[in-house]
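The next block holds one structure in the form of structure tokens; read it before the comments.
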Amino acid sequence: MGAGSPAVAAALLLVSAALVRVAFGGDIVHQDDDAPKIPGCSNDFMLVKVQTWVSSREADEFVGVGARFGPIIESKEKHANRTGLLLADPFDCCAPLKEKVAGEVLLVQRGDCKFTTKAKNAEAAGASAIIIMNNLHELYKMVCDQNETELDINIPAVLLPKDAGTILQGLLALGKVSVQLYSPDRPLVDTAEVFLWLMAVGTILGASYWSAWSAREAVIEQEKLLKDGHESSLNIQTGGSSGMVDITMTSAMLFIVVASLFLVMLYKLMSHWFVELLVVIFCIGGVEGLQTCLVALLSRWFKPAAGSFVKVPFFGAVSYLTLAVCPFCIVFAVLWAVYRRMPYAWIGQDVLGIALIVTVIQIVRIPNLKVGSVLLGCSFLYDIFWVFISKMLFHESVMIVVARGDKTDEDGVPMLLKIPRMFDPWGGYSIIGFGDILLPGLLVAFALRYDWAAKKTLQSGYFLWSMVAYGSGLLITYVALNLMDGHGQPALLYIVPFTLGTFISLGKKRGELRNLWTKGQPPRVCTHAQHPLKDADSAVNNLS
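According to the UniProt record's numbering, the sequence shown is numbered sequentially starting from 1.
What follows is the structure, encoded as structure tokens:
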């Protein structure tokens, strides 16, 4: 809002980019190298829907996980049988059942015996399937022991978390309960990922043009002042480049260290109150970004209000247009924070997130390709380490745990863009971290600024090919995401080689790599320095 905005935006860059840079969908099919497949126990771990009816009226739907053993669970809802549910006797099903059943599904307690023992006893009693209530609130993978060879279990087994199992057990007291077990497949193409791709590419496109436009206006204003002979009165702070922050080599190299420390802090302190703190930080950044974008757009229609200023304590000189827009931005962010658990709250989160990203790309700049390479190179290593290698140290992927908001009742941290999977039977959201847009966006914006300064055409410049490279890298990320059955992928693992590799290759081919690498600006002729000689010649001619 005031003079402190650049510092705020730079800090938000660090916060938002350090949090999460990963794209993922829901894990429906799970592989597990720690639980190797053996004959009769070779199923993938798949999530299973358990739809219930009480006295022929549709009731709750629960989600469990299938076992390594038993037949594959039906994927089509219309082909899945609706079967009666009974409590096992004994309840843990660790011993043969006292009475035979006629094809019903048995609800059993976790108990102390093997999962395969329960399934064998249930099948021997005539059950068509078995639903096991876990003694914990988490799901557990039902595997077989190494010495259990030639298993021949012909009924499916599903494990439910403790809270879901307790509710299902309570339904039996209300009347006759029927259940339907099925594991629907995800659609081949996730429409949410398509829209997320368009959102990410569009955000970088808009932010880059704004950044390049601001840089060009700053140059025009500076040249105008120099041409008019006002060198002594030139003040960068009042020019078009007001508040711009250039990333240095030191800050680019320190980024990976600071970001890693911040991520570990999030991982260790992840709780309800800490997420609330992140929501507050996100709202502050969202308000700053939204008001900056709105003021820039509206100033073309409300020039008097944009050009008139008033002094505000702590903020300095603020335009009347900013004062008019700011309350709307604050109300928008507060409403999102209050109603962020509502089904359509993702729209408000994306609006605030995009506004923040666009503002940061406009304010924070890469001065040359060398700094950009170091920043993206460090981020590339950061992504790989915290998504994949961190599993060796923490026994789980730190980045994905933070992104999902595990250990909290939230659907992940707010520093994400997300779109609901509307045509997916499993629902959920497809997401992308701010850093996957913001960091490559800084490089793409640098490319457009360079092209405009060098007066390059779209094809002979670097911007078009950087955008194509970014879009291709992000597309490959989503292809890998689907090939990996929804397991989280570090997007910069694919985006950085595409964007940075394309930029460097083009620069080398065109013989401009040295200038891009060190100066980051095309060679410029200082035309105003030639004016005194021309003026002197004119004076001599006039005198003669």
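The C-beta atom is built at its ideal place from N, Cα and C for all residues, glycine as well.
In whole angstroms, what separates the C-alpha of residue i from that of residue j?
i	j	result
I281	Q51	40 angstroms
E61	Y470	40 angstroms
I81	A129	Just to set this straight, residue 81 is Asn in the shown sequence, not Ile. In a straight line, the C-alpha of N81 is about 11 angstroms away from that of A129.
residue 547	K162	The first residue shown for the chain is 1 and the last is 544, placing residue 547 beyond what the model contains.
D32	S299	Interpretation of D32 is limited by its pLDDT of 48, a score under 50 that renders its predicted location unreliable; no figure is taken from the coordinates.
N135	L160	9 angstroms
D350	L226	42 angstroms
V189	K49	21 angstroms
R110	I132	6 angstroms
A333	V401	25 angstroms
D436	V468	15 angstroms
T502	S466	7 angstroms
I38	A67	13 angstroms
E276	V387	24 angstroms
E104	T83	6 angstroms
K118	A192	40 angstroms
G507	E138	52 angstroms
S260	F385	10 angstroms
D411	L168	24 angstroms
I504	P313	47 angstroms
H395	Y267	13 angstroms
D424	L474	21 angstroms
C329	M399	30 angstroms
A200	I354	9 angstroms
V29	V194	Note that V29 has pLDDT 40, beneath the 50 cutoff, so the model's placement of it is unreliable and the number below is only indicative. Distance between the alpha carbons of V29 and V194: 22 angstroms.
P414	G165	31 angstroms
A224	S214	Position check: residue 224 holds Lys in this sequence, whereas Ala was assumed. The alpha-carbon atoms of K224 and S214 are separated by roughly 15 angstroms.
P522	A447	11 angstroms
S430	K100	46 angstroms
V65	L198	33 angstroms
DSSP has residue i in a bridge; who is on the other side?
i	result
I131	L107 and V158
G84	S178
T52	V179
G66	V158
E61	Q51
K100	None; K100 has no bridge partner.
V245	V364
F274	Answer is none; F274 lacks a bridge partner.
F332	Paired residues: none, contrary to the question.
K456	None; K456 has no bridge partner.
C41	I38
K311	A317
M199	M199 pairs with nothing; no bridge assigned.
What does the Cβ neighbour count give for residue i, buried or exposed, with the cut at 16 atoms within 10 Å?
i	result
A124	exposed
D406	exposed
Q291	buried
Y339	exposed
R510	exposed
R341	exposed
V257	exposed
M142	buried
R186	buried
Q362	buried
F434	buried
S55	exposed
residue 557	In this structure the chain extends from 1 to 544, so residue 557 is not present and cannot be described.
V287	buried
A102	exposed
K456	buried
M249	exposed
R514	exposed
L493	buried
G427	exposed
M46	buried
R449	buried
L106	buried
I204	buried
Q237	Low local confidence applies: a pLDDT of 40 at Q237 is under 50, so the model's placement there is unreliable, and no value is given.
Give a yes or no on whether 8 angstroms exceeds the smallest Cβ distance from residue i to chain C.
i	result
P343	The structure shown contains no chain C; it holds only a single protein chain.
- Query: Are the segment 334 to 349 and the segment 414 to 423 touching, with three or more C-beta to C-beta distances below 8 angstroms?
  - Reply: yes
- beta strand (DSSP E) runs contained entirely in the segment 384 to 445, provided each spans 3 or more residues: 416 to 420 and 429 to 433
- Taking three-plus beta-carbon pairs below 8 angstroms as touching, is the segment 94 to 102 in contact with the segment 110 to 118? yes
- Segment contact flag, the segment 300 to 310 with the segment 254 to 272, C-beta cutoff 8 angstroms, min 3 pairs: no
- Item | Segment contact flag, the segment 169 to 179 with the segment 397 to 416, C-beta cutoff 8 angstroms, min 3 pairs | no
- Item | the segment 466 to 482 contacting the segment 362 to 372, beta-carbon criterion three pairs below 8 angstroms | no
- Message: For the pair the segment 495 to 502 and the segment 438 to 446, tell me if three or more CB-CB distances fall below 8 angstroms.
- Response: yes
- Query: Touching or not, the segment 306 to 321 and the segment 367 to 384, by the rule of three or more beta carbon pairs under 8 angstroms?
  - Reply: no
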